[in-house]
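> Sequence order for the protein chains is A and B.
The first sequence begins at 1 in our numbering and counts up one residue at a time.
The second sequence begins at 468 in our numbering and counts up one residue at a time.
Ideal Cβ placement from N, Cα and C applies to all residues, glycine included.
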Amino acid sequence: MSNSPKTLFDKVWDSHVVRQIADGPDVFFIDRHFIHEVTSPVAFLGLEQRGVSVLFPEKTFATADHNTPTINQHLPVEDPLSANQLLQLEKNTSKYGISHWGLGNPKNGIVHVVGPENGITLPGMTIVCGDSHTSTHGAFGAIAFGIGTSEVEMVLSSQCIMQPKPLKMRINVNGQLGKGVTPKDVALYIISKLSTSGATGYFVEYAGDVFENMSMEGRMTVCNLSIEMGARGGMIAPDQTTFDYINGRELAPKGADWDKQMAYWKTLKTDAGSDFDKEITFLASDIEPMITYGTNPGMGMGISKNIPQAKDLEGGESSYAKSLDYMGFEENDSMIGKKVDYVFIGSCTNGRIEDFRAFASIIKGRKKADHVTAWVVPGSHVVEAQIHEEGIYDILMEAGFALRQPGCSACLAMNDDKIPAGKYAVSTSNRNFEGRQGPGSRTLLASPLVAAAAAITGVVTDPRQFL
Amino acid sequence: MAYDSFKVLRSSAVPLPIENVDTDQIIPARFLKATERKGFGDNLFRDWRYDKNDQPKSDFILNNPTYSGKILVGGKNFGSGSSREHAAWAIYDYGFRCVVSSFFADIFRGNSINVGILPVQVSPEFLHQIFTEIEKDPKAELEVSLPEQTITIVPTGASESFQINGYKKHNLLNGFDDIDYLQAMKDEIATFALNR
């Protein structure tokens, strides 16, 4: 059996199985565990109630991001519940000797931005976090997925979780992406074709020249959105682009250790002739800048298209009608020209420097529409510093934008960055669920380019006219 | 013993025939700020259940006294979205012990079992039968037997079997959880870590 071809996923999964339980899950070893203030406190409480400790504190990394304010971070957090969660994270990590990048720490930022940025995320690793967008780290050829708080407690106490091995799906996108088509559009396109449950039960490998030619940041955006088609995670085989990104980062391997790791990393690809439970292929030339019109990420379309009719979709007509009613849209509507009240660029999906470069490429020399409120939120302090160093900050200021401080912000609106009821937001984040960005908020998911075009014109606009 | 054991549950059910019920609807993010696992049931389906003045919306099923029970029946792709276990906590805390749907999102399914809720996946046809029967008689009971792995619509006698792996079934029947299991194999894990 050792000579039979294996997928990238099999190679990483199989090497992390501590024990296989007959008619049950695998006991699955975790190399890296990220935690944040919202989904960890009950896990730490559980440890105390059971009287057990943290088995490998050096394998867990904490950052505060979900509920943190994006202005005046030097002041005490006003909301007492948020402040208490941040305090608990500080206390818990200090008690068990876990690395903690809290508010104000120069390394602080969104967990899925700071992990890769600091060289914590590496190929071939197993990575979990109490956050479904942990799939982001799959961009490095890691198996990375979100877990619940009970599982956070399992990892803290035993460095393992119990997981049945998912099925395998390969998604190929071949060809050349058109002008103005970004990694976000590729992901939203795939989700629109598969629906939000089309990959449930599967782990995805992305392959084909579109991903081979994509930057690491683009790959992170794509893998980040794997969960939105129901997949536990998605991964891309590491290559020279991956190695170049990692090399020199603070916590990445160095010297002889680097050479040893590289030898391993180069084996991390799907062997020819490997089997997948499902394989789907798309053409890059079919993808245009995308926008969503409904209340789940599968309800997306090319920006030049009209909203589909329920009768053309599979099942769920009443849910579809409920969704369009919430959004205030009608079947057959064009999205182009719809009024936009808010624009949000940021989040673990699109909060990295390339996203702000793309945003700046359109707003440069133009002005924000007066009626649009724009929240520009870097994914980390490192990204914030890059925005200043590269002159993007000046472009933002000249165009009438302000720059906020890092955090998850309006993606899930746990802090004060809430879109008001009934208002429309073009958002570079990952979910357009009812009320996701604030009670009653209406979210249109899109790329940083589409967000920039909307911010300038004040209506949904095809960004290609500015490129 | 992390939660109550689950054997046979016979109860009327609350129907929620909506597809893609995501965890942001089950428990909106702004209610995730607790540091203890209690009180989440009050905010279950918060924005479908209450208006902006915190008054109950009369057209939402949980506010309709005709419907009650320990079983929640949802449309396809129940529990999609965020990994927040708070969604399962809220369902449990409200008083449900079983969720029935024709399809569950992955993380939600795992979280449910980990907190002692049994997710029962049935065929789309059987789900339709359940909704139809509850529409006819809101007090119609369902019987869910974990030992037999069956779900029965009591008034019609229609029954279907459901899947659960042997390990998880054993855990739920006895109220054991994964942490108990993992604690018992810590030496094996430490050796594995050393040899990596």
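(1) B/LYS653: which of A/LEU45, A/GLN465, A/PHE466 and A/VAL52 sits nearest, CA to CA?
(2) Quick one: Cα of A/THR457 to Cα of A/LYS368, how far?
(3) Less than 8 Å between CB atoms is the rule here; does A/ARG436 satisfy it with respect to chain B?
(4) In the DSSP assignment, find the unbroken beta strand (DSSP E) run with A/MET414 in it and report its ends.
(5) Give the range of the beta strand (DSSP E) segment to which B/GLN588 is assigned.
(6) Determine the direct distance from the alpha carbon of A/TYR189 to that of A/GLY302, and round the result to whole angstroms.
(7) Write down the C-beta distance between A/GLN73 and A/GLN405 rounded to the nearest angstrom, noting that I regard them as a contact closer than 8 Å.
(8) Kindly indicate if chain B contains any beta-carbon less than 8 Å away from that of A/GLY458.
(9) Using beta-carbon positions only, say whether A/ILE291 and A/CYS160 come within less than 8 Å of one another.
(10) Under 8 Å Cβ to Cβ from B/ASP453, same chain only, skipping five residues before and after it: list those, please.
(11) Buried or exposed for A/MET1, going by 16 or more other Cβ atoms inside 10 Å?
(12) Is A/MET229 helix, strand or coil by DSSP?
(13) Assign A/TYR342 to one of three DSSP states: helix, strand, or coil.
(14) Look at the alpha carbon of A/VAL173 and the alpha carbon of A/MET327, and state the distance between them as a whole number of angstroms.
(15) When the cut-off is 8 Å and only beta carbons count, does A/LEU45 lie next to chain B?
(16) Starting from the C-beta of A/LYS364, find all residues in its chain whose C-beta is less than 6 Å away, skip the five residues before and the five after it, and write them out in chain order.
(17) Can you name the start and end residues of the beta strand (DSSP E) that B/GLU486 belongs to?
(18) Go through its chain and collect everything with a Cβ distance to A/ARG19's Cβ below 6 Å, but skip five positions before and after it.
(19) Find out if the Cβ-Cβ distance for the pair B/ALA625, B/GLN588 is shorter than 8 Å.
(20) So B/ASN632 contacts chain A; which residues on that side make the cut at Cβ distance below 9 Å?
(21) For chain A, find out if any of its Cβ atoms is closer than 8 Å to the Cβ of B/LYS635; answer yes or no.
(22) Note down the Cα distance separating B/PHE575 from A/GLU354, rounded to an integer number of angstroms.
(23) Using a C-beta cutoff of 8 Å, does B/GLY541 count as contacting chain A?
(24) Residues of chain B with a CB under 8 Å from the CB of A/ALA413: which are they?
(25) Return helix, strand or coil for A/VAL181, following the three-state DSSP convention.
(26) Tell me whether A/VAL471 sits in a helix, a strand or coil according to DSSP, three-state version.
(27) For B/ILE493, return the contacting residues in chain A, with the cut-off set at a CB-CB distance below 9 Å.
(28) Closer than 8 Å, Cβ to Cβ, to anything on chain A: give me those residues from the segment 572-597 of chain B, in chain order.
(29) Going along the segment 561-572 of chain B in order, which residues come within less than 7 Å of chain A, judged by CB to CB distance?
(30) Quick one: is B/PHE659 near chain A, going by C-beta distance under 8 Å?
(31) Nearest to A/TYR320 by CA position, among B/GLY542, B/PHE643, B/SER628 and B/ASP560, is which residue?
(32) Could you tell me how far apart the beta carbons of B/TYR470 and B/GLY633 are, in whole angstroms, since I believe they sit closer than 8 Å?
(33) Give the interface partners of A/LEU67 over in chain B, defined as CB-CB distance under 7 Å, in chain order.
(34) Taking all protein chains shown into account, decide if A/LYS482 is buried (16 or more other Cβ within 10 angstroms of its Cβ) or exposed.
(35) Under 8 Å between C-beta atoms, does B/GLU602 make it to chain A?
(36) Using only alpha-carbon positions, find the residue among B/SER579, B/THR599 and B/SER478 that is nearest to B/ARG551.
The relevant details are as follows:
(1) A/VAL52
(2) 7 Å
(3) yes
(4) No beta strand (DSSP E) holds A/MET414; DSSP gives it neither H nor E.
(5) 585-588
(6) Between the alpha carbons of A/GLY302 and A/TYR189 lies a distance of about 8 Å.
(7) 5 Å
(8) A/GLY458 has a beta carbon lying at 8 Å or more from every beta carbon in chain B.
(9) Cβ distance not < 8 Å, so A/ILE291 and A/CYS160 don't count as in contact.
(10) Not covered by the structure: residue 453 of chain B. The range shown for chain B is 468 to 663.
(11) For A/MET1, the predicted structure reports a pLDDT of 48, less than 50, and the residue's modelled location is therefore unreliable. A value from the coordinates is still provided. Exposed, because fewer than 16 other Cβ atoms sit within 10 Å of the Cβ of A/MET1.
(12) helix
(13) strand
(14) 31 Å
(15) yes
(16) ILE395
(17) For B/GLU486, no beta strand (DSSP E) segment is defined, and its DSSP state is neither H nor E.
(18) Spatial neighbours of A/ARG19 in its own chain (CB-CB distance under 6 Å, excluding positions within 5 residues in sequence) are listed in chain order as VAL27.
(19) In this structure, B/GLN588 does not lie closer than 8 Å to B/ALA625 by Cβ.
(20) ILE21, ASP23, GLY24, PRO25 and PRO164
(21) yes
(22) 33 Å
(23) no
(24) ALA496 and ARG497
(25) coil
(26) The question about residue 471 of chain A has no answer here: the residues shown for chain A are numbered 1 through 467.
(27) Result: empty, since nearest Cβ-Cβ is about 10 Å, beyond 9 Å.
(28) ALA572, ASP573, ILE574, GLY577, ASN578, ASN581 and VAL582
(29) Cβ contacts with chain A come from PHE570 and ALA572.
(30) Chain A contact via Cβ: present.
(31) B/GLY542
(32) Between B/TYR470 and B/GLY633, the beta carbon gap of about 19 Å keeps them out of contact (Cβ cut-off 8 Å).
(33) Correcting the residue type first, residue 67 of chain A is Asn in the shown sequence and not Leu. Residues of chain B whose Cβ lies closer than 7 Å to the Cβ of A/ASN67 are, in chain order, LYS500.
(34) Because chain A here runs from 1 to 467, residue 482 of chain A falls outside it and cannot be looked at.
(35) no
(36) B/SER579
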